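Okay, so the sequence shown: first residue is 1 according to the working numbering, each after it adds one. Think of the CB as a built atom: it goes at the ideal place given N, C-alpha and C, for glycine as much as any other residue. If you're wondering where the values come from, they're calculated on a predicted model, not measured in any experiment. In what follows, a structure is listed as structure tokens, so that the remarks can point back to it.
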Amino acid sequence: MKIRLGLLGPLDSIEFVESVLKNWPEFICTLIECLTEEDLEEKVTPLLKEEMDMWLCTGLITYNIVQNWNQLEAPTFYVVYKGSSLYKTVLRVLYERKIEVNEISFDAGNSATWEQALLEAGIEVKPKFVESETISLNDLVQYHFKLWESGQTKAAITGHPIHQELQRLGVPTYRLFPSSMAVEAVVTNMLRTYEMLRYKATQIAVQIIEIDPFLEMAKDNFSTDELFRIELKIMEHLLTYTKSVHGSIKSTSFGRYIIFTTRGLMEDITRHFSQMPDIEDFTHLDQEAMTCGIGIGQTVYDAEINAGNALLRAKECGKGSWMVCFDDKKIAGPLGRPEQLTYSYTSEQLETLSQETTLSVMTLNKLKSSLKKLASDELNANELAKYMQIPARSARRILTTLEEKGFAEVVAEEKPHTRGRPRKVYKIFPF
Numbered sequence: 001m002k003i004r005l006g007l008l009g010p011l012d013s014i015e016f017v018e019s020v021l022k023n024w025p026e027f028i029c030t031l032i033e034c035l036t037e038e039d040l041e042e043k044v045t046p047l048l049k050e051e052m053d054m055w056l057c058t059g060l061i062t063y064n065i066v067q068n069w070n071q072l073e074a075p076t077f078y079v080v081y082k083g084s085s086l087y088k089t090v091l092r093v094l095y096e097r098k099i100e101v102n103e104i105s106f107d108a109g110n111s112a113t114w115e116q117a118l119l120e121a122g123i124e125v126k127p128k129f130v131e132s133e134t135i136s137l138n139d140l141v142q143y144h145f146k147l148w149e150s151g152q153t154k155a156a157i158t159g160h161p162i163h164q165e166l167q168r169l170g171v172p173t174y175r176l177f178p179s180s181m182a183v184e185a186v187v188t189n190m191l192r193t194y195e196m197l198r199y200k201a202t203q204i205a206v207q208i209i210e211i212d213p214f215l216e217m218a219k220d221n222f223s224t225d226e227l228f229r230i231e232l233k234i235m236e237h238l239l240t241y242t243k244s245v246h247g248s249i250k251s252t253s254f255g256r257y258i259i260f261t262t263r264g265l266m267e268d269i270t271r272h273f274s275q276m277p278d279i280e281d282f283t284h285l286d287q288e289a290m291t292c293g294i295g296i297g298q299t300v301y302d303a304e305i306n307a308g309n310a311l312l313r314a315k316e317c318g319k320g321s322w323m324v325c326f327d328d329k330k331i332a333g334p335l336g337r338p339e340q341l342t343y344s345y346t347s348e349q350l351e352t353l354s355q356e357t358t359l360s361v362m363t364l365n366k367l368k369s370s371l372k373k374l375a376s377d378e379l380n381a382n383e384l385a386k387y388m389q390i391p392a393r394s395a396r397r398i399l400t401t402l403e404e405k406g407f408a409e410v411v412a413e414e415k416p417h418t419r420g421r422p423r424k425v426y427k428i429f430p431f
């Protein structure tokens, strides 16, 4: 087992972390010195094609910069500064400078983290100057320098590569590094996560694809020979696609096909189940005629059952829709659409609500997911129809039913831009 790991952070920190990681030969480390988002653009973007298995930031500030950049798809971790890695530096400052804790400025952690570390060392004094939010290194330099210049502090402890600049300005500064134990702790977490992801990647994935061949036929040419020709063409294209996911395919009936592969390969080709895959040689019309359900499971049987459920949901969204049903019974889709939803079709609470309202559990689940995506509990029928991908009339029926059963109320009316009745705005009560 070899894990491709990208190490991100200041040079001195990543070199220290790499020295600890040498105890785990399964890691293949790529060291990338980065202090800003511009560094990530310049140095990390070219490496994204190499598909790192994981990324490790040497501290919280680097991690926050990476999260703000939001370009890494692989799991990302950071080394936590706590315990002995903190208080041993404080003890050194107190011994060498003969000063009090409240005369030191800190970063690389919040007040609670530093308080806990000091308590572990038997020091009950709370630190007075702790900066935990700032990402800009220049701002951190100014933070420590101004406190020292104004006489409020007599030393600084930093977890970032600004100690030389602070020392140049005259501030007695101590560089903080994570302890070997802190690195070992995050390594344990990374190995556990990698094993879990590898296990998930080997789960069975089944695709049930339904294609309407009549869309390609001329109205006056519904012959058996023409249908057979179209099916051969479809199978030829599907075989090319099946090879791309290292799977196998079988035809179960005219226009219906099942493809067997693994979850990991399906995740790759759909970009983590967010987009429809590009199937070579398929025209736009072919894509519109193709409806697909993807099922994930521990066994072929489980995956096939889930694929059938996903196909039913895809049909509800119209031809050309792709849905996926995971092993935990969560449904996601339609793939490639901005209004994509993720919801579950198993819930005792929703079963009870379904009996009270006569609305199906699936409808209630889609409603719940739509509200979550809207980030609001107030909406009109048109908005609900858009997010649930159903006719506006069906959305009005759902909202009216919820109102009648006491699970919603009308809170306002909106006047449409064109002629027509005012639209009722409903407030949905939590369920």
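Comparing C-alpha distances from residue 54 to each of 38, 39, 41 and 71 shows the shortest one belongs to 71. A residue is called buried when at least 16 other Cβ atoms come within 10 angstroms of its Cβ; residue 48 does not meet this threshold and is exposed. Boundaries of the beta strand (DSSP E) around residue 251: 248–253. Under the three-state reduction of DSSP output, residue 369 falls in the helix class.
DSSP lists 204 as the beta-bridge partner residues of residue 297. Between residue 44 and residue 7, the C-beta spacing is not below 9 Å. For residue 290, the closest alpha carbon among the candidates 326, 237 and 342 is that of 237. By DSSP's assignment, residue 292 forms a beta bridge with 209 and 322. Restricting attention to beta strand (DSSP E) runs no shorter than 3 residues, the stretch 68–111 encloses them at 76–78 and 104–106, ordered along the chain. When the alpha-carbon of residue 121 is set against those of 152, 387 and 83, the nearest one is in 83.
When 150, 81 and 207 are compared, the shortest CA-CA separation from residue 157 is found for 81. The alpha-carbon of residue 30 is positioned some 16 Å away from that of residue 63. Of 175, 310 and 425, the smallest CA-CA separation from residue 16 is found for 175. Taking the CA atoms as reference points, residue 11 sits about 51 Å from residue 288. Residue 298 has its alpha-carbon roughly 60 Å from the corresponding atom of residue 171. Note on geometry: alpha-carbon atoms of residue 260 and residue 207 lie some 7 Å from one another. Under DSSP, residue 32 shares a beta bridge with 8. A distance below 8 Å between beta-carbons, with the five flanking residues on each side excluded, links residue 413 to the following residues of its chain, in chain order: 422, 423, 424 and 425. Under the three-state reduction of DSSP, residue 390 is assigned to coil, being neither helix nor strand. Looking at 386, 22 and 4, the one whose alpha-carbon comes closest to that of residue 28 is 4. Take the alpha-carbon of residue 137 and the one of residue 144: they are about 11 Å apart. By the Cβ neighbour-count rule, residue 293 is buried, with 16 or more other Cβ atoms within 10 Å of its own. Within the same chain, Cβ atoms closer than 6 Å to the Cβ of residue 396 are found at 381, the five residues on either side in sequence being excluded.
Around residue 307, the same chain offers 206, 207, 208, 258, 293, 294, 295 and 325 as residues with beta carbons nearer than 8 Å, after the five sequence neighbours per side are excluded. For residue 86, the closest alpha carbon among the candidates 182, 310, 329 and 430 is that of 182. Around the C-beta of residue 310, 16 or more other C-beta atoms lie within 10 Å, and the residue is accordingly described as buried. Here residue 200 has 263 as same chain residues with Cβ atoms under 7 Å from its own Cβ, once five neighbours each way along the sequence are excluded.
Comparing alpha-carbon positions, the option among 370, 365, 364 and 20 lying closest to residue 187 turns out to be 20.
Residue pairing by DSSP places residue 54 opposite 5 in a beta bridge. Assignment of residue 146 by DSSP, reduced to helix, strand and coil, places it in the helix class.
Among the bridge pairs identified by DSSP, residue 427 is matched with 378 and 409.
In the three-state reduction of the DSSP assignment, residue 273 falls in the coil class. Annotation for residue 116: no residue places its beta carbon closer than 6 Å to its own, counting only its chain and skipping 5 residues before and after. Here residue 256 is exposed: its Cβ has fewer than 16 other Cβ atoms, across all protein chains shown, within 10 Å.
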